[in-house]
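Student: Residue numbers (this note's numbering), protein chains in the order written: chain A, 2 to 258; chain B, 1164 to 1282.
A virtual CB, placed ideally from N, CA and C, is assigned to each residue, including glycine.
1) What's the gap between the Cα of residue 114(A) and the Cα of residue 1170(B)?
2) When the Cα atoms are used, what is the spatial distance from residue 1189(B) to residue 120(A)?
3) Ordered along the chain, which non-local residues of its own chain (more than five positions away) have a Cβ less than 7 Å from that of residue 28(A)?
4) So, is the C-beta of residue 1184(B) closer than 8 Å to a C-beta in chain A?
5) Along chain B, in chain order, which residues have C-beta atoms closer than 8 Å to that of residue 50(A)?
6) Can you name the residues of chain A whose CB is closer than 9 Å to the CB of residue 1246(B)?
7) Can you give the Cα-Cα distance for residue 173(A) and residue 1279(B), rounded to whole angstroms?
8) Which of helix, strand or coil does DSSP assign to residue 34(A)?
9) For chain A, check one thing: does any of its Cβ atoms lie closer than 8 Å to the Cβ of residue 1188(B)?
10) Output yes if chain A places a C-beta closer than 8 Å to the C-beta of residue 1179(B); else output no.
11) From what residue to what residue does the alpha helix (DSSP H) around residue 148(A) run?
12) Between the Cα of residue 168(A) and the Cα atoms of 247(A), 57(A), 129(A), which residue gives the shortest distance?
13) Taking DSSP as the reference, what is the three-state secondary structure of residue 1164(B)?
14) Should residue 1262(B) be labelled buried (16 or more other beta-carbon atoms within 10 Å of its own) or exposed?
15) At the 8 Å Cβ level, is residue 175(A) part of the contact set with chain B, yes or no?
16) By the three-class DSSP mapping on this structure, what secondary structure does residue 51(A) have?
17) Rounded to whole angstroms, how far is the Cβ of residue 55(A) from the Cβ of residue 30(A), which I believe are closer than 8 Å?
18) So if I threshold CB-CB distances at 8 Å, which residues from the region 1190-1206 of chain B count as touching chain A?
19) Step through the CB atoms of chain B and report whether any lies within less than 8 Å of the CB of residue 120(A).
20) Would DSSP call residue 21(A) helix, strand or coil?
21) With a cut-off of 8 Å, does the C-beta of residue 178(A) fall near any C-beta of chain B?
22) Is residue 148(A) near residue 158(A), with beta carbons less than 8 Å apart?
23) Just to make sure I have the definition right: I need the residues of chain B whose C-beta is within less than 8 Å of the C-beta of residue 113(A). Which are they?
24) Would you call the region 131-148 of chain A in contact with the region 97-117 of chain A, where contact means no fewer than 3 C-beta pairs closer than 8 Å?
25) Could you give the first and the last residue of the continuous alpha helix (DSSP H) run that contains residue 173(A)?
26) Quick one: give me the first and last residue of the alpha helix (DSSP H) that residue 90(A) is part of.
27) Using three-state DSSP, classify residue 183(A) as helix, strand or coil.
28) Please decide whether residue 70(A) counts as near chain B, where near means a Cβ-Cβ distance under 8 Å.
29) For residue 18(A) and residue 33(A), what's the separation of their Cα atoms in angstroms?
30) Give the range of the alpha helix (DSSP H) segment to which residue 1260(B) is assigned.
31) Does the beta-carbon of residue 25(A) have 16 or more other beta-carbons within 10 angstroms, so that it is buried, or is it exposed?
32) Which same chain residues, not among the five before or five after residue 176(A), have their C-beta less than 6 Å away from its C-beta?
33) Rounded to the nearest angstrom, what separates residue 1217(B) and residue 1209(B) at their Cα positions?
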């Protein structure tokens, strides 16, 4: 048996459990924040409110995840080429579907919310509709024939995609926070801050410092990063992250209340 | 280079003009739109101090009995109608619910925004 014949088999065996672990982790990441918020402070407002807001939270989680994933190929799992575009587009369309269910579900079940389609609706609602329009454009413009027709060159697509994605993310964040339905207790801010700090750290380390890549430290036992991060560094990193979360969440809580 | 700068400046100007038009249209809409109907029964609120809602009787901001004369006509507050009224009713209902006490609606829009049939 040659080396070439042996390699795909070993890769396959190694990848499947990791892939399942990744998908499980993604599900936990998408569902846990909202379930934790419900645990700390139930909505008490009727099942469809909780359900539709849960759908909105999952959509927001996906929106953040699409940014983290963009840290490829340093992030894990390594998504490249067509596989990356397929996965990214699949999740983006899922995000569009979920955000549509969240928004239009309220319009159907709460007819008074049609008022929120007017110019006089609160800023956090205007931001939400703007973000949804951006999502529609981002998804449609990513389909190849439309992409070529709308943008022509790749650079034009990339610039507009990055700009609109960032604007959509900021608008969604403002919508979630300013609606004030969940973020009025310290526990909620603490949870949000923990997630935010972890996400930003993950993204920044993956993008800026390949030697410090979280994915390598955690999953690649052969890499230098895995062995270099010694026992003294890990507690320092942990304490630093906790302190950062406490300061960040405390500051946000004071500012919001 | 200059072409790119002029493009960016042009886009910025168009954006500023659109934003300005949007803001003025929004203000106009907020001031002129009629208020939504709100159901309110005084008998359900007899445990709440009168001045919690009728603050004008204690803080010297006027002697009108109804809320809308000021909150709709006074230009210093009429852009804040949604925020102030939701803050007064909804937040109080929510706090009571979290304390495990009986309270009015928290989220269901149609439970408050319906014809006012009670004194």
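Tutor: In short:
1) 39 Å
2) Residue 1189(B) and residue 120(A): Cα-Cα distance of roughly 5 Å.
3) none
4) no
5) 1270, 1271
6) 123
7) 35 Å
8) helix
9) Yes, because at least one Cβ of chain A sits closer than 8 Å to the Cβ of residue 1188(B).
10) no
11) Note, residue 148(A): alpha helix (DSSP H), 145-152.
12) 129(A)
13) coil
14) exposed
15) Residue 175(A) does not count as touching chain B.
16) helix
17) Not really, about 14 Å apart at Cβ, beyond 8 Å.
18) So the list reads 1192, 1193, 1196, 1199, given in the order they occur along the chain.
19) For residue 120(A), the answer is yes, since a Cβ of chain B falls inside 8 Å of its Cβ.
20) helix
21) Chain B, which has no Cβ nearer than 8 Å to the Cβ of residue 178(A), makes this no.
22) yes
23) In chain order: 1199, 1272, 1273, 1276.
24) yes
25) Bounds of the alpha helix (DSSP H) holding residue 173(A) are 155-180.
26) 82-110
27) coil
28) no
29) 22 Å
30) 1244-1261
31) That one is exposed.
32) Taking C-beta separations shorter than 6 Å and ignoring five residues to either side along the sequence, the partners of residue 176(A) in its chain run 125, 128, 129, following chain order.
33) 13 Å
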